Amino acid sequence: MFVDQVKISLKAGDGGNGITAYRREKYVPFGGPAGGDGGRGASVVFQVDEGLRTLMDFRYQRHFKAKKGENGQSSNMHGKNAEDLVLKVPPGTIVKDVETEQTLADLVEHGQSAVIAKGGRGGRGNSRFATPKNPAPDFSENGEPGEEIEVTLELKLLADVGLVGFPSVGKSTLLSIVSKAKPKIGAYHFTTIQPNLGVVVTPDQRSFVMADLPGLIEGASEGVGLGHQFLRHVERTKVIVHVIDMSGLEGRDPYEDYTIINQELKAYAQRLEERPQIIVANKMDIPEAHDQLEQFKKKLNQPVKIIPISSYTRENIDQLLYEIANTLDKVKDVDFSETEEDIGVNRVVYKHTPSQDQFKITRDDDGAYVVSGNAIERMFKMTDFNSDPAVRRFARQMRSMGIDDALRERGAENGDIVRILGGEFEFVE
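Residue numbers (the working numbering): 324 to 752.
Pasting the structure below:
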């Protein structure tokens, strides 16, 4: 089964907890703190594997959770870092954030990788908090939570050549005779409901990848029919082979078909109309096809090369393959990252990151104040509330972030309840 779009949830590993420990060696008085740091949590990494062709592996498993880092040990021994969770994807995979719809990665080359969910750093042991004023701190830090994100994986096939045209014009048949691909072929519309790839070798031993793409109809750029599922894969092709049924057996006008397809390519707004296009007049073994071809040339009224072929009799198939190979030799690599939302292979996009110190204060039905925000929730999770010194440190952090002042402005008074992630505190002046 060909799967080209899935939505999955990712959870990077939390960092390991730091530990509170002291040196207790014979003849070493006042040994001091010796708590080690926790290990780093595993990140979730996507990596391109050229052996894959679909996103089938993500169809049935939609949730991925990376491992947590090991906790710190006494004698200043750090916990072990967790090994990253590497998920293999086919070339041409785009990773997008479901919430913001931002493109996080565009993976096209074998071995290329991108960290999508970053693992949390390990919590610090008590030896990291030693100061001249407090040489033996009796608290440590929990590990940082790993990032959690929901993403959409979108596959855009990487093929040199894309076969486009109305349904039942002979695209699948053409691919089957020039390569070893076995696409479904039938005498009805939309026989092809998923893209098919085949490696084509010309008689002079030049090779390229050809994609038989699902049939296109009027309104596809707006999602009609297979719509965007079709046009998404055309984006990656360097040369478009426009297959037209010249027999007229379907009751359609070849010139009208040609015009509609090109309008849809242009309307898709990915500069598809600028790609080199080879016009193929198919089904020339039908007697009426020659008259239709003459009419087509008159209506077209342009010095465009048209290659008449017959997939049934194999007429001019070699000529078509030579023309495709020659065109590919002339075409430079197409820049697929012209739009702002795309990230190219060798491009780094620097974007403004909002401050993580922002927080929001709301009221629950029982009158309690609820504080939320990335930074304060992260501190809450990294605090060991079984340790009084750690709790006092957390209170100082809240004060330095301005949360105490903000609570006063909202009307908080002595004894009022403040909630953070389910934890309850008493507001004390």
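Think of the CB as a built atom: it goes at the ideal place given N, C-alpha and C, for glycine as much as any other residue. These numbers come from a predicted model, not from an experiment.
Taking 9 angstroms as the cut-off, decide whether the C-beta atoms of residue i and residue j are in contact.
{"i": "F369", "j": "I439", "result": "yes"}
{"i": "A604", "j": "I584", "result": "no"}
{"i": "G442", "j": "G361", "result": "no"}
{"i": "L572", "j": "K606", "result": "yes"}
{"i": "V412", "j": "L476", "result": "yes"}
{"i": "V714", "j": "N737", "result": "no"}
{"i": "L478", "j": "T416", "result": "yes"}
{"i": "F387", "j": "S332", "result": "yes"}
{"i": "K330", "j": "V474", "result": "yes"}
{"i": "V501", "j": "L651", "result": "no"}
{"i": "Q328", "j": "L378", "result": "yes"}
{"i": "A405", "j": "A428", "result": "no"}
{"i": "R598", "j": "I563", "result": "yes"}
{"i": "S634", "j": "T496", "result": "yes"}
Residues in its own chain within less than 6 angstroms of residue i by CB, not counting five upstream and five downstream?
{"i": "K704", "result": "P468"}
{"i": "S463", "result": "G341, I342, T343, G358, G448 and N449"}
{"i": "G339", "result": "G361, G362, G392, E393, N394, G402, G445 and G466"}
With DSSP collapsed to three states, give me the class of residue i.
{"i": "M400", "result": "strand"}
{"i": "R594", "result": "coil"}
{"i": "K330", "result": "strand"}
{"i": "A534", "result": "strand"}
{"i": "Y581", "result": "helix"}
{"i": "E661", "result": "Only weak support exists for where E661 lies, its pLDDT of 45 falling under 50; the coordinates are left without a value."}
{"i": "E646", "result": "helix"}
{"i": "G667", "result": "Summary for G667: the model assigns pLDDT 43, below 50, so the residue's position carries little reliability, and this model does not support an answer."}
{"i": "L375", "result": "coil"}
{"i": "A453", "result": "coil"}
{"i": "N624", "result": "coil"}
{"i": "K441", "result": "coil"}
{"i": "I640", "result": "helix"}
Taking only the alpha-carbon atoms, compute the straight-line gap between residue i and residue j and give it to the nearest angstrom.
{"i": "G374", "j": "E579", "result": "40 angstroms"}
{"i": "A718", "j": "S397", "result": "27 angstroms"}
{"i": "T525", "j": "V484", "result": "14 angstroms"}
{"i": "N649", "j": "L595", "result": "20 angstroms"}
{"i": "K403", "j": "E432", "result": "31 angstroms"}
{"i": "D535", "j": "I472", "result": "34 angstroms"}
{"i": "R722", "j": "D689", "result": "24 angstroms"}
{"i": "A335", "j": "L408", "result": "8 angstroms"}
{"i": "D727", "j": "D337", "result": "28 angstroms"}
{"i": "N639", "j": "E558", "result": "28 angstroms"}
{"i": "T706", "j": "E424", "result": "33 angstroms"}
Tell me residue i's beta-bridge partners as DSSP assigns them.
{"i": "Q600", "result": "I563"}
{"i": "P356", "result": "Y345"}
{"i": "I472", "result": "L333"}
{"i": "G746", "result": "I743"}
{"i": "G521", "result": "M533"}
In chain order, what residues of the same chain lie with their CB nearer than 8 angstroms to the CB of residue i, ignoring the 5 residues before and after it?
{"i": "G745", "result": "none"}
{"i": "A735", "result": "Y692, V741 and F750"}
{"i": "G354", "result": "Y345, R346, R347 and E348"}
Within the same chain, show all residues whose beta-carbon is closer than 7 angstroms to that of residue i, passing over the 5 residues directly before and after it, in chain order.
{"i": "K683", "result": "S695 and G696"}
{"i": "R376", "result": "P413 and L520"}
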